[in-house]
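Participant:
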Amino acid sequence: MPKKWKTLNTKQIFGNRIFGFREDKVLSPKTENTHPVWVMDAPTWVNIIPITKQKKVIMIKQYRFGSQEISLEIPGGMV
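Sequential numbering from 1 applies to the sequence shown in UniProt numbering.
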């Protein structure tokens, strides 16, 4: 069974109502070396796969700023 990495400290980088970003300093249980890791926190999120009586999946088109593209996705959002 893999051992858990120990978090030594945490520094909040950014936060708003949707996402938070933090930098953790962690200790490897195998090597005992420390490493920086970056974590994105988000509220509870849900995705659904709606299927019609005709057995068709309903998808949505949504613009994504990261890719600067319109993507085809299953519906989802914050709870």
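We treat Cβ as the ideally placed atom computed from N, Cα and C, and that holds for glycine. Here the structure is a predicted model, which is why all the values come from computation and not from measurement.
Flag this pair as yes or no: are the beta carbons of P29 and K3 separated by less than 8 Å?
Facilitator: Yes, Cβ-Cβ distance for P29 and K3 is below 8 Å.
Participant: Using the C-alpha atoms, what's the distance from M40 back to P75?
Facilitator: Going from the Cα of P75 to the Cα of M40 covers about 21 Å.
Participant: Which residue from I18, M1 and K25 puts its Cα closest to that of T10?
Facilitator: Among I18, M1 and K25, the Cα nearest to that of T10 is on K25.
Participant: Return the bridge partner residues of T34 from the DSSP annotation.
Facilitator: Its beta-bridge partners are L27.
Participant: So the candidates are S67, E69 and K6; which of them puts its Cα closest to the Cα of N33?
Facilitator: The shortest C-alpha separation from N33 is found at K6.
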